[in-house]
Amino acid sequence: MTTQRRGAPVRTVVLGGGGTVGVAWQTGLLTGLRDAGVTLTGASAIVGTSAGALVAALLAGGRDVTDALAILAEAGRRLGAESLRSGSASFVDASRQAAVAADPQQALRAIGATARQARTVLSEDEYLGLLGTLDGLAWPVGFRCTAINAGTGELVVWDERSGVPLRHAVAASCVIPMLFPTVTIGGAAYLDGGILSHLNATAAPPSDVVVVLSCLPIGEPGGPVDHDRSAAAIRSNAEVARLRGITRLVAVEPDFSGLEAPVKMMDPRIADQAFHLGRSQAAREAPAIRAAWDS
Numbered sequence: 000m001t002t003q004r005r006g007a008p009v010r011t012v013v014l015g016g017g018g019t020v021g022v023a024w025q026t027g028l029l030t031g032l033r034d035a036g037v038t039l040t041g042a043s044a045i046v047g048t049s050a051g052a053l054v055a056a057l058l059a060g061g062r063d064v065t066d067a068l069a070i071l072a073e074a075g076r077r078l079g080a081e082s083l084r085s086g087s088a089s090f091v092d093a094s095r096q097a098a099v100a101a102d103p104q105q106a107l108r109a110i111g112a113t114a115r116q117a118r119t120v121l122s123e124d125e126y127l128g129l130l131g132t133l134d135g136l137a138w139p140v141g142f143r144c145t146a147i148n149a150g151t152g153e154l155v156v157w158d159e160r161s162g163v164p165l166r167h168a169v170a171a172s173c174v175i176p177m178l179f180p181t182v183t184i185g186g187a188a189y190l191d192g193g194i195l196s197h198l199n200a201t202a203a204p205p206s207d208v209v210v211v212l213s214c215l216p217i218g219e220p221g222g223p224v225d226h227d228r229s230a231a232a233i234r235s236n237a238e239v240a241r242l243r244g245i246t247r248l249v250a251v252e253p254d255f256s257g258l259e260a261p262v263k264m265m266d267p268r269i270a271d272q273a274f275h276l277g278r279s280q281a282a283r284e285a286p287a288i289r290a291a292w293d294s
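Residue numbers in the sequence shown follow numbering that gives the first Met the number 0, run continuously in steps of one, and reach 294 at the last position.
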């Protein structure tokens, strides 16, 4: 049943994690939607996780989302393909470990302890420097950013009332364990918000319309998942299924049929292709999104 409220409808956008390729695809998709006259900038809330946190921060702040592509290029230059591949494998392992654990928070605490001790190519300051384009920007109203507290294993959701610097929050949400250093905020260390769920759609407020831009395929709860970062899809699939029953939902997943399978989500060599695939896909997705957004 769709939520009913008086006044203007509450519209929420959820942008999920998906590594380098996910950032490029979401950026291309949003660029194509803008060209089709669908901007999504009137959202009451924009929720971002991991890669989606970077794109969501730019979108919510009224910035050109293609600014994210320059950050991708610099990260690729600083880290190199081998480090990115290794980081992708570390993320998949962490996600699986948390997904199958009887106590996911305990598993996340163990992952956090290892991540805090890891020797990474970039220092914390150097990592934060990659997101310098966000430095000094006010927190966009309605933007919600997810991360995991490395000490407690709890998911945190920051917004404009949290008093957290935007750059630090987005950087924390993107901390792939063992690839990037944990980010320190208020004396606590934080990890990638997408380890247990690449969407974290539960961070969205009660809404009349929800548009989900998932960088990974969306399956049925309990169904098979065989793509990269599959463990993080288990909870996300259940979140999407729940939303379908309580709100008007448009869920967009990537059409990567033009890429070699299996798609490696941290491979910088296919980021440009992913951007153009997203931009082309936008033309097909725009009518359904516009219909829901204007309802």
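Note that the Cβ used here is the ideal one computed from N, Cα and C, for glycine as well.
Small disclaimer: the values here were computed from a predicted structure and weren't measured.
Please classify Ile70: does DSSP put it in a helix, a strand, or coil?
-> DSSP, read as helix, strand or coil, puts Ile70 in helix.
Locate the alpha helix (DSSP H) running through Phe274, then write down its first and last residues.
-> DSSP places Phe274 inside the alpha helix (DSSP H), whose first and last residues are 270-292.
Work out the CA separation of Ser294 and Thr181 for me, nearest whole Å.
-> For Thr181 and Ser294, the distance between alpha carbons rounds to 42 Å.
Should Ala44 be labelled buried (16 or more other beta-carbon atoms within 10 Å of its own) or exposed?
-> buried
Quick one: is Arg283 buried, meaning 16 or more other Cβ sit within 10 Å of its Cβ, or exposed?
-> exposed
Inside the region 19-66 only - beta strand (DSSP E) runs reaching at least 3 residues | Runs found: 44-48.
To which residues does DSSP link Asp191 through a beta bridge?
-> Ala146
Terminal residues of the continuous beta strand (DSSP E) containing Thr11?
-> 10-14
For Ala187, which residues from the same chain have a beta carbon less than 7 Å from its beta carbon, with the 5 sequence-adjacent residues on both sides left out?
-> Asn148, Gly150
Just to confirm, are Ser235 and Gly15 a CB contact at a threshold of 8 Å?
-> yes
Use the C-beta contact count for Gly192: other C-beta atoms within 10 angstroms, 16 or more gives buried, fewer gives exposed.
-> buried
Are the beta-carbon atoms of Ala50 and Gly21 separated by less than 8 Å?
-> yes
Opposite Val208 in the DSSP bridges: which residues?
-> Arg10, Arg247
Does the count of Cβ pairs from the region 238-251 and the region 189-207 closer than 8 Å reach three?
-> yes
Quick one: what does DSSP say Thr201 is sitting in, helix, strand or coil?
-> helix
Looking at the structure shown, is Ile175 part of a helix, part of a strand, or coil, going by DSSP?
-> DSSP, reduced to helix, strand and coil, places Ile175 outside both helices and strands of the structure shown, so it counts as coil.
Cβ-based neighbour list, Thr19, same chain, cut-off 8 Å, excluding 5 preceding and 5 following = The residues are Ala50, Leu71, Ala74, Gly75, Leu83, Met264, Met265, Asp266, Pro267, Ala270.
What's the call for Gly218, buried or exposed, on a 16-neighbour Cβ count within 10 Å?
-> buried
Based on Cα-Cα distance, which residue from Leu133, Gln105, Asp158, Leu127 lies nearest to Gly141?
-> Asp158
Do Leu53 and Cys173 come within 8 Å of each other at the CB atom, strictly closer than that value?
-> yes
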